[in-house]
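Student: Protein chains in written order, with the numbering used here: chain A, 136 to 386; chain B, 52 to 547; chain C, 414 to 776.
Backbone N, C-alpha and C define an ideal beta-carbon position, used for all residues, glycine too.
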Amino acid sequence: MTELTNTNEYLLSVQSIDTFIGQFHILEGVSVNVAKGSITVLLGRNGAGKTTTLKTVMGLTPPRDGKVIFDGQEIQGKRAFNIANLGIGYVPENRAIFRALTVLENLKLAERNKGDLERHADFIYDLFPDLERLSKLKGNQLSGGQQQMLAVARALVPENKLLLIDEPSEGLAPILIQQMMEAIRKLKDTTTILLVEQNFIMASQLAERYVIIDDGKSVHSGLMSDLVLNQELIHQYLGASIQAPISASEA
Amino acid sequence: MKHENKKILYIVIAILVIFGVLYGLYSYAGQEAFIRTTLSGLTLGSLFFLVAAGLTLIFGLMDVLNFAHGSMFMLGAYAGWQFYTNPTFIFGVLPLVLAFVAGIMVIPLIKPELVRLKLSDSWQKRLPKLLYLAGLIVGVLAVLKFDIAGLAETAMVAIVTTSTGALAELSPQEPLLRFMWRPVLLFISGALVAAGVSKPGDRAEITAPEPLKNRLVLPIILLVLTILFTFVRESASELVLLMNGNLRFALAVIVATLFGFLLGALIEITMIRPLYIRPFFIVLMTLGLSFVLRELVQVLWDPLAYQMVRPPLFAQPGRASTIAEWLANGSSTISIAGVTFPTYRLFVILLGVVMFIFVTLLMTKSRLGMIIRAGVQDPQMVEALGINVKRVFTIVFALGVALAALGGIGAAPFLPVQPMMGDQYQMQGFITVVIGGMGSYVGAFAGAMILGMARAFGDYFALKLQLSPTIAEASTVIIMIIVLLLRPQGLFGKKD
Amino acid sequence: MKNIWKKDKGFVIFVALAFAFPFIFSLLGQTSLTEGTNKFWQGQLINFFIMAVFAMSYDLLIGYAGMLSFGHAASFGGGAYTVALLLEHVAPDILKSYQIFIGSTNITEIVILIVCFLAAILVSILIGLLFSASAMRVKGAYFAMLTLALATALNLLARATDFVEWTGADEGMHGVPVPLWINPTQNRLTFYFIALAFLVLAYILMKRIVSSPTGRVIQATRENEDRARMIGYNPVTYRTLAFVIASVFAGLAGGFYALWTTSASPSMTSGVTTVNVLIMTILGGMGTLVGPLLGAGIMQIFSQFLYTWFGARWPLVFGIIFVLIVMFLPYGIVGTWRLQGFKIKQGWQRLLELTKTKETPEK
Numbered sequence: 136m137t138e139l140t141n142t143n144e145y146l147l148s149v150q151s152i153d154t155f156i157g158q159f160h161i162l163e164g165v166s167v168n169v170a171k172g173s174i175t176v177l178l179g180r181n182g183a184g185k186t187t188t189l190k191t192v193m194g195l196t197p198p199r200d201g202k203v204i205f206d207g208q209e210i211q212g213k214r215a216f217n218i219a220n221l222g223i224g225y226v227p228e229n230r231a232i233f234r235a236l237t238v239l240e241n242l243k244l245a246e247r248n249k250g251d252l253e254r255h256a257d258f259i260y261d262l263f264p265d266l267e268r269l270s271k272l273k274g275n276q277l278s279g280g281q282q283q284m285l286a287v288a289r290a291l292v293p294e295n296k297l298l299l300i301d302e303p304s305e306g307l308a309p310i311l312i313q314q315m316m317e318a319i320r321k322l323k324d325t326t327t328i329l330l331v332e333q334n335f336i337m338a339s340q341l342a343e344r345y346v347i348i349d350d351g352k353s354v355h356s357g358l359m360s361d362l363v364l365n366q367e368l369i370h371q372y373l374g375a376s377i378q379a380p381i382s383a384s385e386a
Numbered sequence: 052m053k054h055e056n057k058k059i060l061y062i063v064i065a066i067l068v069i070f071g072v073l074y075g076l077y078s079y080a081g082q083e084a085f086i087r088t089t090l091s092g093l094t095l096g097s098l099f100f101l102v103a104a105g106l107t108l109i110f111g112l113m114d115v116l117n118f119a120h121g122s123m124f125m126l127g128a129y130a131g132w133q134f135y136t137n138p139t140f141i142f143g144v145l146p147l148v149l150a151f152v153a154g155i156m157v158i159p160l161i162k163p164e165l166v167r168l169k170l171s172d173s174w175q176k177r178l179p180k181l182l183y184l185a186g187l188i189v190g191v192l193a194v195l196k197f198d199i200a201g202l203a204e205t206a207m208v209a210i211v212t213t214s215t216g217a218l219a220e221l222s223p224q225e226p227l228l229r230f231m232w233r234p235v236l237l238f239i240s241g242a243l244v245a246a247g248v249s250k251p252g253d254r255a256e257i258t259a260p261e262p263l264k265n266r267l268v269l270p271i272i273l274l275v276l277t278i279l280f281t282f283v284r285e286s287a288s289e290l291v292l293l294m295n296g297n298l299r300f301a302l303a304v305i306v307a308t309l310f311g312f313l314l315g316a317l318i319e320i321t322m323i324r325p326l327y328i329r330p331f332f333i334v335l336m337t338l339g340l341s342f343v344l345r346e347l348v349q350v351l352w353d354p355l356a357y358q359m360v361r362p363p364l365f366a367q368p369g370r371a372s373t374i375a376e377w378l379a380n381g382s383s384t385i386s387i388a389g390v391t392f393p394t395y396r397l398f399v400i401l402l403g404v405v406m407f408i409f410v411t412l413l414m415t416k417s418r419l420g421m422i423i424r425a426g427v428q429d430p431q432m433v434e435a436l437g438i439n440v441k442r443v444f445t446i447v448f449a450l451g452v453a454l455a456a457l458g459g460i461g462a463a464p465f466l467p468v469q470p471m472m473g474d475q476y477q478m479q480g481f482i483t484v485v486i487g488g489m490g491s492y493v494g495a496f497a498g499a500m501i502l503g504m505a506r507a508f509g510d511y512f513a514l515k516l517q518l519s520p521t522i523a524e525a526s527t528v529i530i531m532i533i534v535l536l537l538r539p540q541g542l543f544g545k546k547d
Numbered sequence: 414m415k416n417i418w419k420k421d422k423g424f425v426i427f428v429a430l431a432f433a434f435p436f437i438f439s440l441l442g443q444t445s446l447t448e449g450t451n452k453f454w455q456g457q458l459i460n461f462f463i464m465a466v467f468a469m470s471y472d473l474l475i476g477y478a479g480m481l482s483f484g485h486a487a488s489f490g491g492g493a494y495t496v497a498l499l500l501e502h503v504a505p506d507i508l509k510s511y512q513i514f515i516g517s518t519n520i521t522e523i524v525i526l527i528v529c530f531l532a533a534i535l536v537s538i539l540i541g542l543l544f545s546a547s548a549m550r551v552k553g554a555y556f557a558m559l560t561l562a563l564a565t566a567l568n569l570l571a572r573a574t575d576f577v578e579w580t581g582a583d584e585g586m587h588g589v590p591v592p593l594w595i596n597p598t599q600n601r602l603t604f605y606f607i608a609l610a611f612l613v614l615a616y617i618l619m620k621r622i623v624s625s626p627t628g629r630v631i632q633a634t635r636e637n638e639d640r641a642r643m644i645g646y647n648p649v650t651y652r653t654l655a656f657v658i659a660s661v662f663a664g665l666a667g668g669f670y671a672l673w674t675t676s677a678s679p680s681m682t683s684g685v686t687t688v689n690v691l692i693m694t695i696l697g698g699m700g701t702l703v704g705p706l707l708g709a710g711i712m713q714i715f716s717q718f719l720y721t722w723f724g725a726r727w728p729l730v731f732g733i734i735f736v737l738i739v740m741f742l743p744y745g746i747v748g749t750w751r752l753q754g755f756k757i758k759q760g761w762q763r764l765l766e767l768t769k770t771k772e773t774p775e776k
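1) Pairing CB atoms from the stretch 337 to 347 of chain B with CB atoms from the stretch 356 to 366 of chain B, are three or more of them under 8 Å?
2) Closest to B/T308 by CA distance: which of B/L457, B/A150 and B/A128 is it?
3) Any C-beta of chain C sitting closer than 8 Å to the C-beta of B/F342?
4) Spatial neighbours of A/D349 within its chain, please: CB distance less than 8 Å, with the 5 preceding and 5 following residues excluded, ordered by chain position.
5) Closer than 9 Å, Cβ to any Cβ of chain B: which residues of the stretch 186 to 205 of chain A, in chain order?
6) To the nearest angstrom, how far is the alpha carbon of B/L67 from that of B/G498?
7) Determine the contact status of B/A505 and C/A566, defining contact as a CB-CB distance below 8 Å.
8) In whole angstroms, what is the alpha-carbon distance linking C/A659 and A/A290?
9) With 16 other CB atoms within 10 Å as the buried threshold, where does B/G241 fall?
10) By Cβ distance below 7 Å, which residues in the same chain neighbour B/R370 in space, the five residues on each side in sequence not counted?
11) If you run the structure through DSSP and keep just helix, strand and coil, what is B/K441?
12) Drop a sphere of 10 angstroms on the beta-carbon of C/N568, count the other beta-carbons inside from all chains shown, and report buried for 16 or more, exposed for fewer.
13) Quick check on this structure: which residue in B/M156, B/F409, B/A65 and B/A80 has the alpha carbon closest to the alpha carbon of B/I271?
14) So who's on the other strand from A/K145, going by DSSP bridges?
15) Can you say whether A/Q208 is buried or exposed, counting buried as having 16 or more other CB atoms within 10 angstroms of its CB?
16) Flag this pair as yes or no: are the beta carbons of A/L298 and A/L322 separated by less than 8 Å?
17) Work out the CA separation of B/L60 and C/E636 for me, nearest whole Å.
18) Taking all protein chains shown into account, decide if A/Q158 is buried (16 or more other Cβ within 10 angstroms of its Cβ) or exposed.
19) Does A/T159 have its Cβ less than 8 Å from a Cβ in chain B?
20) Please go through the stretch 427 to 483 of chain B and give each complete alpha helix (DSSP H) segment of 4 or more residues, from N-terminal end onward.
21) In the DSSP output, what is A/H355 paired with across the bridge?
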């Protein structure tokens with residue numbers, strides 16, 4: 136296992152953060168390093184704290200302890216909109232798009248500077264051709280897969296150095312999962328991605344590095360190529376999630 | 052598509068019911084009474100809308116029910132009435148307010164330096180408190196022996212009919228040389244408070260500061276305005292009073308609305324924002340605030356009712372037969388299909404409709420509207436897109452209050468201006484919002500019009516059946532309960 | 414009784430003091446028991462006792478059941494109007510034609526008074542049910558709004574000129590013929606003790622209700638409605654129950670208030686009355702029962718002084734205090750005091766533990 140030792144080479148470095156939601160101690164020392172230009176995936180069982188890790192980076196659930204360093208700057212404790220404006224895009228789970236807004240409005244809303252959408256429109260519509268066709272429809276009129284694509288597309292509108300993507304394959308039909316994977320792979324050329332993915336097959340094909348989170352702690356990290364060979368580790372921490380890789384159908 | 056069909060069916064039924072009811076009323080009351088009552092209903096409906104629009108927007112976005120909304124309506128009326136009748140009070144107090152605000156606004160200027168100070172923990176805790184105290188002392192010193200009651204009195208005794216008559220009402224004021232140190236002290240007081248707010252020595256607050264030029268703009272603008280208004284405080288009222296009455300009224304409307312906007316922003320930042328984590332207390336806070344504001348107005352202007360004079364465009368006795376004739380003569384009434392109706396009330400109807408169009412455009416076409424519609428669903432995600440949601444909350448709150456204040460000044464020329472004038476409108480605003488559906492501005496408009504008509508026709512029937520109009524007023528509660536039982540989310544509300 | 418002493422030393426002391434107050438005052442000031450300043454202060458305290466019951470009933474609603482009702486004045490005014498209407502329009506006729514005796518004592522007036530209060534209870538139950546039926550389906554801000562709207566409607570009815578012969582419309586009813594033996598002008602000392610007894614009884618009853626199993630379920634529904642439902646309690650039933658109970662106490666307080674002022678006026682059902690009782694409750698501390706009592710006392714006494722200091726606009730000062738309390742002291746006086754007490758206790762314990770560990774360093 137080769138570990139990068141120089142923190143400067145990480146775009147994002149999460150250093151033993153502790154996060155509470157209400158009285159519940161959700162994260163108890165999670166450390167994640169994301170190298171520039173890579174895809175890193177957070178693995179772990181349901182409720183292990185992967186989503187909370189992303190939200191903590193984003194500033195939506197601020198940590199009580201620990202550091203989050205993005206692009207050489209400490210960002211823990213900053214408000215979410217400030218963090219976003221540093222160049223972090225967030226794709227939440229459950230396709231949290233704005234249902235009362237049209238597709239076009241959803242994308243427009245994500246603009247940080249005037250003209251962001253025009254600049255990236257070709258790229259976005261190239262990745263997700265459906266969205267251009269549906270641009271006048273309201274969010275609640277889209278299918279689950281289309282909503283998921285919109286959620287990803289929304290994070291591509293402004294210039295982002297880092298994308299936090301939460302469960303992009305959740306509840307998608309196999310064919311759509313393929314399309315989503317293609318899209319994410321293309322994104323890698325221009326940005327860095329921190330991914331949460333239950334679907335181990337998809338995760339293993341996309342990511343170069345992994346971090347396993349279990350019960351609120353980061354317990355393992357390394358190269359994906361090593362993990363695929365380590366059946367023991369996979370069974371210990373990921374267990375059931377590998378049993379049914381691509382079976383969920385579109386809701 | 053079944054859903055769509057259902058929707059169309061509902062709309063058709065609604066239209067049929069509305070026309071049925073209107074036709075029934077028409078044939079029962081006869082043309083004259085019907086038109087008159089309908090127009091009265093629309094007038095009331097417009098005012099209800101102005102109150103309800105703010106309530107519904109604020110509630111929809113941030114789940115805050117503003118129990119001080121009626122007081123905002125009342126304050127709007129007072130501000131406009133002051134400006135229109137005798138602005139001495141406004142111009143007398145303005146330099147002081149501006150000076151204090153300018154002081155507060157130095158925060159972005161001094162904060163980056165202050166947070167870098169090296170202070171021990173105990174001093175970090177103590178210093179802000181000391182600064183607040185110093186600010187308070189300086190502030191009190193600044194307004195010591197300031198004859199605010201005398202200023203307030205100027206409008207109370209003013210009987211403005213003509214512009215020359217008005218000038219006689221101008222009363223001598225404190226000499227400039229003595230007055231001058233008040234804004235100076237208040238600026239210092241504001242700056243001291245600003246220093247306290249900046250949390251000196253708190254290294255967690257260190258952020259990359261904006262360029263100095265940007266940080267300087269706002270305080271300097273405010274300072275210049277302060278100085279300007281310190282010098283013109285007497286001549287400005289004179290200037291305003293010499294103005295054409297219609298222009299003065301237009302300015303009064305703008306002043307009241309602007310005042311509402313700023314007051315709303317102030318209330319949201321200082322009183323509501325710290326309480327978002329305890330929503331129960333926001334309701335209590337706004338209730339207490341309405342209580343305080345009502346009492347404050349009574350301290351300044353006594354618990355009396357004032358009648359604002361209608362602007363000349365609506366004041367000349369006589370009945371115009373066409374709109375052109377009204378505009379030319381400024382008649383106080385106009386004949387609509389043979390029914391004599393006060394022209395000012397037509398203006399109020401127009402105001403309501405224009406504001407509805409404005410709100411609709413704002414919500415559907417502007418970026419702010421987009422943010423609001425998105426924020427209603429998921430403010431966290433809006434924030435994660437890089438939008439300062441807290442600021443949007445402030446703007447929406449201020450906007451809502453501004454609409455209420457606009458309603459207040461709109462109502463001032465035909466309602467007695469008195470401390471309780473907003474209470475009834477707040478109540479009807481609540482009922483409107485419940486009928487229309489919380490968070491929906493279209494619902495607020497529909498609800499307001501329904502309620503306005505119900506009130507007008509209720510009064511009409513009460514008169515016919517020899518009941519008192521209070522019965523008609525009480526009966527609107529019944530409409531609300533019926534709607535709640537049939538459709539708890541309101542006519543245009545969305546189910547959660 | 415022993416139990417009460419153990420749990421509520423403060424309240425027992427308060428009652429004892431209140432009981433002895435007229436006598437002590439007359440001893441100290443060498444004044445008559447039934448005249449002059451003594452009578453004046455008895456009056457102040459009577460007002461306080463009645464408002465305290467009203468405030469505690471409000472605490473049942475907002476503090477214990479977590480229902481922010483802005484229509485509590487409706488129950489208060491309902492009780493007041495019921496008693497006043499019966500005394501004014503019904504009692505004289507009955508007194509003319511019927512007499513009830515036990516042995517040789519004429520108890521007609523007592524019976525009528527009891528009937529009046531039973532009627533007040535009935536009316537406040539009805540008001541409670543009416544409010545519950547229309548408002549129980551909604552929560553939070555909707556609930557606050559609905560209750561306010563309903564109370565406003567009742568207030569409008571009280572002011573309506575249609576019933577002027579009965580209610581006196583805007584003027585209200587004044588000089589209601591209160592039976593002589595309890596009349597607050599002629600027999601104030603009697604009234605004083607009756608009002609005090611009313612307060613004590615109401616306090617004990619409410620305390621009982623709050624700590625009863627039903628009371629606990631009500632508090633549980635405040636904390637977590639879904640969980641209460643899962644355990645098998647219907648939250649709506651319990652909230653309705655809480656609303657009706659609070660309404661009854663408020664109605665009784667209103668009835669007493671009508672006796673005390675020998676009047677009933679629309680202002681008793683108005684929003685200002687609700688705001689007053691709200692201020693008392695918040696000032697003292699929600700969910701403490703003693704808090705509102707304290708709040709009512711403070712408001713009663715301070716309003717006297719504030720009136721002399723600030724004139725007719727004294728409520729402004731109170732409003733500002735209220736706003737400050739909501740911002741900085743959300744648990745009220747009693748709540749904050751208890752919290753501090755708890756913190757001090759914790760501090761002591763920590764200190765004790767510290768010394769213990771120091772004594773036994775081998776651990």
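Tutor: Based on what the coordinates show:
1) no
2) What you label residue 308 of chain B is simply residue 257 of the second sequence in a count that begins at 1. The residue with the shortest Cα to Cα distance from B/T308 is B/L457.
3) Numbered from 1 along the second sequence, position 291 holds the residue referred to as residue 342 of chain B. It does: the Cβ of B/F342 has a partner Cβ on chain C nearer than 8 Å.
4) Stepping through the first sequence from its first residue, residue 349 of chain A is reached at position 214. Only G179, R180, A183 and Y372 meet the Cβ criterion.
5) K190, M193, G194 and L195
6) Here the question's residue 67 of chain B lines up with position 16 in the second sequence. Here the question's residue 498 of chain B lines up with position 447 in the second sequence. Answer to the nearest angstrom: the Cα atoms are 17 Å apart.
7) Residue 505 of chain B sits at position 454 when you count from the first residue of the second sequence. Residue 566 of chain C sits at position 153 when you count from the first residue of the third sequence. No, the pair does not count as a contact, with Cβ atoms beyond the cut-off.
8) Locating residue 659 of chain C in the third sequence gives position 246, where the first residue counts as 1. Locating residue 290 of chain A in the first sequence gives position 155, where the first residue counts as 1. Distance between the alpha carbons of C/A659 and A/A290 is about 53 Å.
9) Numbered from its first residue, the second sequence carries residue 241 of chain B at position 190. It is buried - the Cβ of B/G241 has at least 16 other Cβ atoms within 10 Å.
10) Start at 1 with the first residue of the second sequence, and residue 370 of chain B comes out as number 319. If we look at B/R370 and ignore the five residues flanking it on each side, its Cβ neighbours are S382, T384, I385, S386 and T391.
11) Walking along the second sequence from the start, residue 441 of chain B turns up at place 390. Per DSSP, reduced to three states, the secondary structure at B/K441 is helical.
12) Walking along the third sequence from the start, residue 568 of chain C turns up at place 155. Flag for C/N568 reads buried.
13) By 1-based counting over the second sequence, the position of residue 271 of chain B is 220. The option with the nearest alpha carbon to B/I271 is B/M156.
14) The residue you call residue 145 of chain A lines up with position 10 of the first sequence. It is Tyr, not Lys, that sits at residue 145 of chain A in the sequence shown. For A/Y145, which the question treats as bridged, DSSP gives the partners A/A170.
15) Along the first sequence, read from residue 1 onward, the residue named residue 208 of chain A stands at position 73. By the 10 Å Cβ count, A/Q208 comes out exposed.
16) Reading the first sequence from its first residue, position 163 is the one you call residue 298 of chain A. Reading the first sequence from its first residue, position 187 is the one you call residue 322 of chain A. Contact: yes.
17) Position 223 of the third sequence, counting from 1, holds the residue named residue 636 of chain C. Position 9 of the second sequence, counting from 1, holds the residue named residue 60 of chain B. Approximately 42 Å between the Cα atoms of the pair.
18) To locate residue 158 of chain A, count along the first sequence from 1; it is residue 23. A/Q158 is exposed by the Cβ-count criterion.
19) Sequence index remark: in the first sequence, residue 159 of chain A carries index 24 (1-based). In the sequence under discussion, the amino acid at residue 159 of chain A is Phe, which differs from the Thr named in the question. So, not an interface residue.
20) 430 to 435 and 440 to 462
21) As a working mapping, residue 355 of chain A is identified with position 220 in the first sequence. For A/H355, which the question treats as bridged, DSSP gives the partners A/I347.
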